[in-house]
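Participant: If you count the sequence shown from 1, you need to add 73 to reach the numbering used here.
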Amino acid sequence: KLADKVGAGIAECRDEIIDVKKAVDTTMAALDKIAAQAATDPRKAFKEFDKSVPKIESEAAKARKRAEEMRARGKDYFVGWEKGLAEVNDPNIRKLAEERKTKLQTTFDNIKTTLEPAKEQFNAWLTNCQDLRKYLSQDLTISGIDAAKDLFAKVKTDGAAVQQTLDKVIAELN
74 KLADKVGAGI
84 AECRDEIIDV
94 KKAVDTTMAA
104 LDKIAAQAAT
114 DPRKAFKEFD
124 KSVPKIESEA
134 AKARKRAEEM
144 RARGKDYFVG
154 WEKGLAEVND
164 PNIRKLAEER
174 KTKLQTTFDN
184 IKTTLEPAKE
194 QFNAWLTNCQ
204 DLRKYLSQDL
214 TISGIDAAKD
224 LFAKVKTDGA
234 AVQQTLDKVI
244 AELN
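1. Under the three-state reduction of DSSP, which class applies to L246: helix, strand or coil?
2. For A96, count neighbouring C-beta atoms within 10 Å of its own C-beta (all shown protein chains included) and say buried if the count is 16 or more, exposed if not.
3. Taking only three categories from DSSP, how would you classify V152?
4. At the level of alpha carbons, what is the spacing between E142 and G217?
5. Within its chain, find whatever has a CB closer than 7 Å to the CB of L213; leave out the 5 residues flanking it on each side and keep chain order.
6. Quick one: using the 10 Å Cβ neighbour count with 16 as the cut-off for buried, is T100 buried or exposed?
7. Just mark A197 as buried or exposed, buried being the case when its beta carbon has 16 or more other beta carbons within 10 Å.
8. Return the chain-ordered ranges of every beta strand (DSSP E) run that is complete within the stretch 163–190 and spans a minimum of 3 residues.
9. According to DSSP, is P115 part of a helix, a strand, or is it coil?
10. Return the chain-ordered list of same chain residues with a C-beta closer than 7 Å to the C-beta of R167, the five sequence neighbours on each side being excluded.
11. Helix, strand or coil, according to DSSP, for D98 in the structure here?
12. Across the stretch 216–234 and the stretch 144–158, are there enough close Cβ pairs to call them in contact, namely three or more that are closer than 8 Å?
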């Protein structure tokens, strides 16, 4: 039962990360529209971007919570596995169980190792999105958008890196 809970937690975490990636994709598309429509009327595109940032924040909060739950369940799972191993008398079965536990522990550790830098990278990117959102809400003009072109470029470049990292996290969770 505990293994099922841990497995479900990993699947739920993967689904949450997929939702975060979709929100990042939406935000990146909205930024492209703002840049493309800067000379005409970027208000509609900005509204999309303006809505996408809180959505990312919400999706990221859900994913963080799910990852914490997964870590806690995983820890309990491996502690329980150790207790169960102590009760196994057959040395062949014990060896098989120990090998399997080691393999699963490595996989679980790889997930944690992949999540931590992704979280830091994502948070830095999100902060830049929030800053750009605040700036554009004050100066959504051709000149204002042009003045922010370096921040646009940084958000776009970092966003592409975040998308790649999230793909790696999703692959590891799979």
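Beta carbons: idealized from backbone N, C-alpha and C, even for Gly. Keep in mind it's a predicted model, so treat the numbers as computed, not measured.
Facilitator: Here's the rundown:
1. In this structure, L246 counts as helix in the three-state DSSP scheme.
2. Classification of A96: buried, given that the 10 Å Cβ count is 16 or more.
3. Correct three-state label for V152: helix.
4. Cα to Cα, the separation comes out at about 43 Å.
5. Excluding positions up to five away in sequence, the list reads P115, R116, F119.
6. Using a 10 angstroms sphere on the CB of T100, the tally of other CB atoms reaches 16 or more, which defines it as buried.
7. Classification of A197: exposed, given that the 10 Å Cβ count is below 16.
8. Fully enclosed beta strand (DSSP E) runs of 3 or longer: not present.
9. If DSSP states are grouped into helix, strand and coil, P115 belongs with coil.
10. For R167, where only same-chain residues beyond five positions count, the Cβ hits under 7 Å are L158, V161.
11. Correct three-state label for D98: helix.
12. Counting Cβ pairs under 8 Å, fewer than three are found: no touch.
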